[in-house]
Each structure stands twice: as C-alpha cells, then as structure tokens.
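Numbered per mature numbering (1 follows the signal peptide of the UniProt record, and there is no 0), the sequence shown spans residues -30 to -1, 1 to 470. Built from N, CA and C at the ideal position, the CB exists for glycine as well. Before any comments, here is the structure.
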Amino acid sequence: MRISHSRRALAVATAATLALTAFGTGAGYAADEPESTPVPIVTPDGALFSYVVNTEDTKVRDAVKAVRAIKRADGVVVQAWPQIGVIVAHSANGSFREDVLAADRVGVIESVGATRTVSPTEGTPGSDSAAGVKKDMAVKGKAKKDTTGWTVDEPAGTTAVPDPGEATQWDMEMIKADQALDVNPGSSRVVVGVLDSGIDASHPDLATQVDTARSVNCTDGGRPDRSATGWLPTTSDHGTHVAGTIAAAQNGVGIVGVAPGVKMASVKVVNDDGFIYPEYAICGFVWAGMTHMDVTNNSYYIDPFMYWCEDQPDQAAAKEAVRRAVDFSTERGVVHAAAAGNAATDLANNTTDAASPNDSTAVDRVINSGCEDIPAELDGVVTVSSLTQASDLSSFSNRGLGKIDVAAPGSGILSTELDGTWDLKSGTSMASPHVAGVLALMKSAHPRWKPAQLEAAVRTQADDHECTTTTAGAPCVGGLAENSFYGDGIADALDAVTLG
C-alpha cells in the first residue's frame, strides 16, 4: 500500500497513531468483525530488538534511502532485500519505529514493525553500510528440538522402529508414490528447498540427495550464511525427517522418499532455540527464488505469533514482509507446500488464540479473519492437512473449508533421523513433505509448468474423499469435491507423473 507524506507525518506521533495511519482501521477483516486484541511489543531503550522496514517500492535507490533513515534512527542494517523492498534492522532505540519514519525525509518507507518480543540471541551480525544494499542485491546462488518455542507439535505416542524398510511405508501407498516410482522417480534438475532445521547430509538415505551449493543458513539474523556447515542441523532432527519423506534415496537402505530422483537444498530457518522468526523465513523464501529452486516445503508457522493480524502494526509489517518474500520466489518459479498446523483448529472459523506470543508470555486474544497462520494461509501456498493410516483426519490437524488445499499422511510417518537412523513422527509437518514431493514429481514430468499450474494441478489431481463424520468432535464441512478435512482430496503422486 502507499501512504502520503502528510499521513506519514501523523504516524510519527505515537504507536497508536501508527496503527491508524500506516495500516488503516479494520485492515484485512470484515466490518462486522471485532478488532484483534492488541499485543504491544515493548521495546525499552537499551534493549536490542529486530525489525523489518518495508519500502513502498523495490528500487535499489529507495532501499539506500531507507538505510540512511535507519541509521539516523540509531538502527543497524542486518540484511537488505531491495528485490522485495524489505530491510532487516536491529536497534536498541526504544522509539526506533517512530524515529525511522520521522527520519524518512523522502517518503520511501511504507511500514516498520518488530519481528519478535525478545532481544535477538544471535546479536547483531552484518553491517550498517548503505553500500551493502547493492551488494546484497547482486548475490547469486550457485549451481525441533522439543522446546516451548518449537512451533510444530509432535503428538505423543510415536515409537522407534528398529528395523525400518520400504515395506512399512503405508504413507507412500496411500498417495501412490510407490507406483509413481516405476514411471518417474523425479529429475535431478528439480530442487526442493527444505525450509526447516537443517538436513543431515551424512545420513545414508540423504548423502546423495542434498544440493550443497544451494543450501544456506538463514538464522544469523536473517542473513544468508553460505558456510559449508551452517545449514547442517544442530539441535533438531525435524528437517532431516522432513527431507527423508521428500526424497530419501532409492538405494536398498532404509526408506524411499516420494521423489528420490530430485535434489534438496537445506535452507535452515530454525534457530537453536527452535524459533522461526520472520526474518529467517524471508531469507529462506528469497534465497529459494534467487537460486532457482522449484519447490519449497514449509513445515512450521512463523514465530512468535500463531496468527499474524493485519490490524496490529508490528504484526502487519512482518506479515507483509513475509508475503513479499513468498511472492518473489513464486514469481521466479518456486511453488510452495506448507503444513496446516497442529492445533486441531478450524482455520475458517477461528476467533481466539491463546498461544501467542510464544517467545515471551502468551496472552488470550481475540482474532479476526485478518489474522492468519503464515506461510500456510498466504496466497500461492498449497496448505496440507494430516491423515491417519485409516485415511481419517489426524486428531491434531487443523482443518477449514477453503483453507485446506489437499491432504496427505501425517500420523506415524517413518523417515530419516539424525545419526543415520530412522524413526516415526506425527504432525502436519510430516504431511506437507509428501505434497512437496508430489509437486517435485509433477515439475519433473512437466518442467515448463509455472507455480500456478503446479498448484492447480496438485489440487485437481488429488483423489476426492468424502467427509468423515467427526474427528476429535469436529464436524467435516463440505462435499466430496471439496471439504474442510481433505480440501480437494488426497495428494496423488501417480497422477503427477502420468497426467498432462
């Protein structure tokens, strides 16, 4: 959106005024809905906080001018993404949000917001040089652990499998990936970006599957760290498990992924405390677009809010920055799969949230339709619910008519673990990589297809499934063609490689 200079001047006065002028009252939700409960992010003087600063345009010169305003407001630029008009900055100035708008002498800044409710544990990496903006623009790509902060809950009750093997992979049978292997196992030209906690590339099922040149660590304040070991897992096996479902090698060892012929890039967006902050995800999505990946898998929601509300200034600015990053990568040929979430919630009719912010003290808050789980509810993202072996909706899975695109297995999924082992995990985190694998197969079979075509096809080709009566007391809404549990149906890997 664009705001006039006179309106921006008014926005400098107070954070409350900023909410009214920079984003508008009632932004993103219907007139008959309540405003969401404010969750102020307190930024006292002397305490370091991380911010996104969004410019009104994607011109490099506007980014340079915004950097100058950031410096005048006692901020330090950590990472500039002029391609999408987003700059990540740190500041210990308690009034940074107001001051940077006041310091914007030429009116290039659209919005600014804090990305978390606590100080960055990684400190302030990078440089505050405006000249670095052009350098960042020129970067080219070559070719949870269980903590209170980890946002992908894994329901209890999973057990280790001491002798894993392909015969136990009921999930691959459900989506017909076992049949698709005989037709097309996927092309090595197709790359899936696994935005997660890192991939253990020493695992026997993954050692040949990782594209190290495209792998990156985004948890250094949102800067792309291309060091040889930065993208490896440290405290979490989550990304390794997800990677195995997508593309574990067909090598006679362990398991086989949905698309064993494709490659994966480890895009580390989970820090050692288990958080995925907006600047990490922004880095991951932009990197996927810059390095010409084909698919991303996103088995997380972005911290610290389970739902990011457009009528809250900080949340709105961060949500806008993530949206721009997703759009950027989509425009460059990347299609995205994302987990629907594990709160057993109807995303189409959700009015409360008691889990946010999760990096400090959560509050009970009222939310409205402008409050969304990101990236799952953003445009251009295939949102995936989780199924049991009996094809029922998993008890933990989110649902929602018009919110779920397709369904896939997510309860008790066997996949790769750290230290060369295999194990079972449950969650919509485990469902989403099945769909990422199907999209990779589809891209292999149809290399010229654009993201919109792939997104439409994965929904069209999904096997229709009737509404089951209830799951955990929740009714299924809709009909055979589309409903709140299965969306357009169960993902079909065989159709992905055989249908035009």
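Item to check | Supposed close pair C341, W278 - CB separation, criterion 8 Å | outcome: 7 Å
Next on the checklist: Distance check for G382 and T398, CA to CA, integer angstroms please.
Outcome noted: 11 Å
Item to check | Range of the contiguous beta strand (DSSP E) that encloses C188 | outcome: V186 to D190
Item to check | When T386, W419, A415 and F455 are compared against P403, the one with the closest alpha-carbon | outcome: T386
Checklist entry - If you drop the 5 nearest sequence neighbours on each side, which residues of the same chain put their C-beta closer than 8 Å to that of I337? => result S6, T7, Y277, C279, N320, T321, T322 and D323
Checklist entry - When you compare only the Cα positions, how much space is there between P274 and D152? => result 43 Å
Checklist entry - In three-state DSSP terms, what is H435? => result coil
Checklist entry - Going by DSSP, what residues sit across from D323 in a beta bridge? => result R335
Checklist entry - Would you report the Cα separation of A464 and Q139, rounded to the nearest angstrom? => result Ala is not the amino acid found at residue 464; the sequence shown has Leu there. Roughly 16 Å between the two C-alpha positions.
Checklist entry - From A258 to A410, what distance separates their C-alpha atoms? => result 14 Å
Checklist entry - Taking just the CA atoms, how far does V12 sit from A238? => result Per the sequence presented here, residue 238 reads as Lys, with Ala not at that position. In a straight line, the C-alpha of K238 is about 28 Å away from that of V12.
Next on the checklist: Against chain D, does A219 count as a neighbour if the rule is that its beta carbon must be under 7 Å from one of theirs?
Outcome noted: You won't find chain D in this structure, because it holds only one protein chain.
Checklist entry - What whole-angstrom Cβ distance do A219 and D175 have, given they're in contact under 8 Å? => result 5 Å
Checklist entry - Short check: CB of Y(-2) to CB of S339, under 7 Å? => result yes
Checklist entry - Within 10 angstroms of its Cβ, does N267 collect 16 or more other Cβ (buried), or is it exposed? => result buried
Checklist entry - What do you reckon, are the CB atoms on K395 and H173 nearer than 7 Å? => result no
Checklist entry - What residue from A235, R86, L202 and L469 has the CA that sits closest to S158's CA? => result A235
Next on the checklist: Below 8 Å, how does it come out for the segment 293 to 301 and the segment 240 to 259: are there three or more Cβ pairs, yes or no?
Outcome noted: yes
Checklist entry - Starting from T391 and walking both ways along the beta strand (DSSP E), at which residues does that stretch end? => result T391 to K395
Next on the checklist: Below 6 Å, is the gap between the Cβ of F245 and the nearest heavy atom of the ligand COA?
Outcome noted: By its list of ligands, the structure shown contains no ligand whatsoever, and the ligand COA lies outside what it can speak to.
Checklist entry - Is A451 helix, strand or coil by DSSP? => result coil
Next on the checklist: For a test of the three-state rule: what should DSSP assign to G163, helix, strand or coil?
Outcome noted: strand
Checklist entry - Can you pull the DSSP bridge partners for G168? => result BP columns for G168 are empty, so no partner.
Next on the checklist: Could you give the first and the last residue of the continuous beta strand (DSSP E) run that contains G45?
Outcome noted: G45 to W51
Item to check | M263 - containing beta strand (DSSP E), residue span | outcome: Segment: none, M263 is in no beta strand (DSSP E) and carries neither H nor E.
Checklist entry - If we count the other Cβ atoms within 10 Å of its Cβ and call it buried at 16 or more, is Q359 buried or exposed? => result exposed
Checklist entry - Can you tell me whether N241 is buried or exposed, with buried defined as 16 or more other CB within 10 angstroms of its CB? => result buried
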